[in-house]
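S.K.:
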Amino acid sequence: MAEQKEGMVKMWDALPGYDFNEKVDLADIDSWFFDGTHCVPALTPMYSWFWTRDAGYGSEYAHETLSSPRSKGYAARDFQGGTYVGMHIVRDEAEIEARTNKFREALIPWIEDFDGKWEGYRDELLGLYNKLKAVDLEKAAGIELYAHLHDMISTHRRMWEIHYLGMIVSYSAIMLLEDLVKPYGLTSESPEFQNMFRGFNNNVFQVDRKLWKLAKDAIEKGLGDVILQNEIGEVIGKLEEIEDGKEWLKNLHSILEVDGWRMVRMQDFNEPYWLEDPSTAILPIRAFIKKGGDFDLDKIREELAVSRKEAIEALLNKVPEGDRAWFEALINLGGKASSYSEEHDLDCELHCNAVLRRGFLGIGKRFAEAGTLDKPDDIFFLNPHEVEMAVISPEFHKLQYIANRRREHWEKTKLSEFPPVFTNRSSIEEAIGMDLMPSGDPMIIKIIVGELPQVNEELEADIYGVCGAPGVAEGPARVIMSYNQLDEIQNGEILVCPGTNPAWTPIFGLIKAVVSDRGGTLSHTAIVGREYGLPTLVNTFTATSMIKTGQRIRVDANQGAIFILDK
499 MAEQKEGMVK MWDALPGYDF NEKVDLADID SWFFDGTHCV PALTPMYSWF
549 WTRDAGYGSE YAHETLSSPR SKGYAARDFQ GGTYVGMHIV RDEAEIEART
599 NKFREALIPW IEDFDGKWEG YRDELLGLYN KLKAVDLEKA AGIELYAHLH
649 DMISTHRRMW EIHYLGMIVS YSAIMLLEDL VKPYGLTSES PEFQNMFRGF
699 NNNVFQVDRK LWKLAKDAIE KGLGDVILQN EIGEVIGKLE EIEDGKEWLK
749 NLHSILEVDG WRMVRMQDFN EPYWLEDPST AILPIRAFIK KGGDFDLDKI
799 REELAVSRKE AIEALLNKVP EGDRAWFEAL INLGGKASSY SEEHDLDCEL
849 HCNAVLRRGF LGIGKRFAEA GTLDKPDDIF FLNPHEVEMA VISPEFHKLQ
899 YIANRRREHW EKTKLSEFPP VFTNRSSIEE AIGMDLMPSG DPMIIKIIVG
949 ELPQVNEELE ADIYGVCGAP GVAEGPARVI MSYNQLDEIQ NGEILVCPGT
999 NPAWTPIFGL IKAVVSDRGG TLSHTAIVGR EYGLPTLVNT FTATSMIKTG
1049 QRIRVDANQG AIFILDK
């Protein structure tokens, strides 16, 4: 337990066993890579407990279930709210060969019916979520909340098992294909390669279309100015004062009843979900009102589907007849990465985390009423062990000395920069070459860490990145660090951000290009950029710190370069 030292209670670690210890962890694994895709701003202790444990475990579960040839998943550690991953790499050639044969067999059911397998898993997840939603958090006894806590833990763990299975299968298909197309002069950044994986629909875009219809309806009812000209938090109140506004709000709430279990931030519990705070759904609707016109993605998708077919045919015409069946199987399976990458977010992280937020706020309210915490959302600065300790009889516990200190530290450090890697190697390039790439892990290589930019000094560019979607665009930059700033974006600007998640997709119709600090060629930013036909650069590392809002920039995604035109 804690002990008294110099007038202050000594703290234990927030994530016992998962806090990064440089001396211990670097003795086990030579390189630990920062997950900049998911950890900006820094994670709260509660979410980091779930994410660090279960995402790492989910990776191990999927790689072992599928028998991935060169990876047994990754270990994860927390460093002041930032996640670092260390790869479990298979290096023995005999073991690699044996695992390769099993891996090909494991892919067959997914090749034959990816959608059917995903539908079954999705139904399973929805059943788990519905069980959690059925708990009356106001009336539940302490022992029932104790059981609810453990149900949340097991549900989250199962979600990550399912999440990683679909991701590893579809993303591995693309990585296998990358090796096969090298003789034809293609890489993962080639437009001809990326075109084979564009023009797919998914549930995220279908929800966006519902919001676009609401935006169109608001304009037709004369409500557009009410939505645009009032503060986000005041819009719903203003609409309730108008007869047409009341009718419009009924339509909004009917959508949220189905699609409102959707977090604003994908990786944390500390921001509201749409159903909890309907004003959070107003922001994307405003983006559609600003844009006006039709739902551009419908037309764009039709055009991209044509170019996808042409790109696939062009490649297959070069492939020897005996190899075409395997190429086609990988192309079809890899195509699921574009739809599954976005769709699973709704049914995995966004939905699961919304349900867990509901549960923890319910317990947090009980704690605040009992004097165990000052505020319900202070619970996000505990971990489940500490919640478990007090949940049955909270009136006998005072946990402010834990939660308040952690909250204060998080508020001060949440936007701090994290080292890109902790390593025994001489450079980040050597670390990636020796301790990441040999794993062949598509999640780490293509999303969490991402590919490294290739610097072409002849271009004399200001910033280099990885091509997430081809094209060239020029315009004023808009630096956005969080969802709550999205309302600042104007038509024709270039979005510069740490990274994006499905909650950001409606603003892609407003912008001319996307630039992100982190992410790889299969990150959300890259995939949605491709689906909207926007020049997209990812893994620039420094774009948000080097570019200022209003500066005119040129994004040449084809060459992986950004030019600041008015320094």
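Residue numbers for the sequence shown follow the numbering used here, beginning at 499 and rising by one. Backbone N, C-alpha and C define an ideal beta-carbon position, used for all residues, glycine too.
Of the choices 969, 695, 792 and 763, whose alpha-carbon is the least far from that of residue 1060?
M.R.: Checked all of 969, 695, 792 and 763; the closest Cα to residue 1060 is 969.
S.K.: Suppose the cutoff is 7 Å on Cβ atoms and the five residues either side in sequence are ignored; what does the same chain contact list for residue 499 look like?
M.R.: Note on residue 499: pLDDT 37, under 50, position unreliable in the model; the coordinate value appears next. Result list for residue 499: empty, nothing under 7 Å.
S.K.: Beta carbon of residue 697, beta carbon of residue 802: below 7 Å?
M.R.: For residue 697 and residue 802, yes; Cβs fall inside 7 Å.
S.K.: Per DSSP, residue 1039 is paired with what?
M.R.: Partner(s): none; residue 1039 has no beta bridge.
S.K.: When DSSP labels each residue in this structure, what does residue 1026 get in the three-state scheme?
M.R.: DSSP places residue 1026 in helix when its eight states are reduced to three.
S.K.: In this structure, how does DSSP classify residue 502 when only helix, strand and coil are distinguished?
M.R.: The pLDDT assigned to residue 502 is 46, lower than 50, so where the model puts this residue is not dependable; a value taken from the coordinates is nonetheless given after this. DSSP places residue 502 in strand when its eight states are reduced to three.
S.K.: Can you tell me the Cα-Cα spacing of residue 691 and residue 828, whole angstroms?
M.R.: In a straight line, the C-alpha of residue 691 is about 13 Å away from that of residue 828.
S.K.: Excluding the 5 residues preceding and the 5 following residue 609 in the sequence, name in chain order all residues of the same chain whose CB lies nearer than 6 Å to its CB.
M.R.: The residues are 827 and 831.
S.K.: Do residue 553 and residue 658 count as a contact pair if the criterion is CB distance below 7 Å?
M.R.: It is a contact, given that the beta carbons lie within the stated cut-off.
S.K.: Drop a sphere of 10 angstroms on the beta-carbon of residue 1038, count the other beta-carbons inside from all chains shown, and report buried for 16 or more, exposed for fewer.
M.R.: Residue 1038 comes out buried.
S.K.: Measuring CB to CB, does residue 528 end up less than 7 Å from residue 933?
M.R.: Cβ distance < 7 Å, so residue 528 and residue 933 count as in contact.
S.K.: Starting from the C-beta of residue 671, find all residues in its chain whose C-beta is less than 6 Å away, skip the five residues before and the five after it, and write them out in chain order.
M.R.: Around residue 671: 828, 831 and 832.
S.K.: May I ask you to list the residues that DSSP assigns as paired with residue 974?
M.R.: Residue 974 pairs with 1050.
S.K.: According to DSSP, is residue 993 helix, strand or coil?
M.R.: Residue 993: strand per DSSP, three-state reduction.
S.K.: For the candidate residues 1023, 523, 844 and 549, whose alpha-carbon lies nearest to that of residue 704?
M.R.: Among 1023, 523, 844 and 549, the Cα nearest to that of residue 704 is on 844.
S.K.: In the DSSP assignment, the beta strand (DSSP E) including residue 710 goes from what residue to what residue?
M.R.: Not the beta strand (DSSP E): residue 710 falls in the alpha helix (DSSP H), residues 701 to 718.
S.K.: Let me make sure I understand the geometry here. Which of 706, 1056 and 605 has the alpha-carbon closest to that of residue 785?
M.R.: When only C-alpha atoms are compared, the closest one is 706.
S.K.: Would you be able to state if there are at least three C-beta pairs under 8 Å between the segment 1018 to 1025 and the segment 979 to 999?
M.R.: Yes: at least three Cβ pairs fall under 8 Å.
S.K.: Have a look at 883, 892, 855 and 887 and flag the residue whose alpha-carbon is nearest the alpha-carbon of residue 872.
M.R.: Among 883, 892, 855 and 887, the Cα nearest to that of residue 872 belongs to 892.
S.K.: According to DSSP, simplified to helix, strand and coil, what is residue 698?
M.R.: Note: residue 698 maps to coil in three-state DSSP.
S.K.: Can you give me the Cβ contacts of residue 905 inside the same chain, cut-off strictly under 6 Å, excluding the 5 residues immediately before and after it?
M.R.: Only 879 meet the Cβ criterion.
S.K.: Enumerate in chain order the residues of its own chain whose CB-to-CB distance from residue 990 is below 7 Å, with the five nearest sequence positions on each side excluded.
M.R.: So the qualifying residues of the chain are 973 and 1010.
S.K.: Does the structure place the segment 573 to 589 close enough to the segment 509 to 527 that three or more beta carbon pairs sit under 8 Å?
M.R.: The answer is yes - the segment 573 to 589 touches the segment 509 to 527, with three or more Cβ pairs under 8 Å.
S.K.: For the candidate residues 834, 953 and 887, whose alpha-carbon lies nearest to that of residue 644?
M.R.: Answer by Cα proximity: 887.
S.K.: Since residue 716 contacts residue 787 with CB under 8 Å, what's their CB separation in whole angstroms?
M.R.: At roughly 6 Å, the Cβ-Cβ gap stays under 8 Å, so residue 716 and residue 787 are in contact.
S.K.: Keeping to the same chain, check which residues put their C-beta closer than 8 Å to that of residue 1044; ignore five residues upstream and five downstream.
M.R.: Within the same chain, residue 1044 has close Cβ partners 960, 961 and 1062.
S.K.: What separation, rounded to the nearest whole angstrom, lies between the Cα atoms of residue 598 and residue 567?
M.R.: Looking at the two C-alpha atoms, the distance is approximately 5 Å.
S.K.: What residues in its chain sit with their C-beta under 7 Å from that of residue 678, if we drop five residues either side in the sequence?
M.R.: Closer than 7 Å at the Cβ level, and outside the excluded window around residue 678, lie 825.
S.K.: For residue 541, which option in 985, 937 and 581 has the closest C-alpha, if you only look at C-alpha atoms?
M.R.: Measuring from the Cα of residue 541, the nearest candidate turns out to be 581.
S.K.: According to DSSP, is residue 537 part of a helix, a strand, or is it coil?
M.R.: DSSP places residue 537 in coil when its eight states are reduced to three.
S.K.: Is it the case that the segment 520 to 527 contacts the segment 917 to 932, given that we only count it when at least three CB pairs across the two stretches are under 8 Å?
M.R.: Touching, per the Cβ criterion.
S.K.: For the beta strand (DSSP E) holding residue 895, just list the boundary residues, first then last.
M.R.: Unbroken run through residue 895: none, as it is neither H nor E.
S.K.: May I have the straight-line CA-CA distance separating residue 901 from residue 615, to the nearest angstrom?
M.R.: For residue 901 and residue 615, the distance between alpha carbons rounds to 41 Å.
S.K.: So if DSSP puts residue 531 in a beta bridge, which residue, or which two residues, is it bridged to?
M.R.: DSSP output for residue 531 lists 583 and 919 as bridge partner(s).
S.K.: Evaluate residue 654 with the Cβ neighbour count: other Cβ atoms within 10 Å of its Cβ, from every protein chain shown; 16 or more gives buried, anything less gives exposed.
M.R.: Result: buried.
S.K.: State the beta-bridge partners of residue 1034 as determined by DSSP.
M.R.: According to DSSP, residue 1034 bridges with 967 and 1012.
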